[in-house]
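In the working numbering, the protein residues as written are 4 to 89.
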């Protein structure tokens, strides 16, 4: 039986699409420059990652010239399970 906290989603939003668009960079280019696979970055980009290594986060921030807070934000869910509005 799964714990109440075990749900597929989480309360972290990933803003990788926006950062890539602002820099006219593809996911493939970022993956190559960071040293990870397209699949791993795609999982992160689509909000399906359960964790990220600090080394990977550091490389993403270096390549995109951003801070971790530019890439990730915390948006807790409301009681109905939908993300709360900022």
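For glycine and all other residues, C-beta sits at the position ideal for the given N, C-alpha and C.
Residues near residue 46 in its chain [Cβ-Cβ closer than 8 Å; skip 5 each side]:
52
Can you tell which of 23, 37, 43 and 73 has its C-alpha closest to the C-alpha of residue 58?
37
Below 8 Å CB to CB, which residues in the same chain sit around residue 14 once its five sequence neighbours on both sides are set aside?
77, 78, 79, 80 and 86
Rounded separation between residue 33 and residue 66 - CA only:
7 Å
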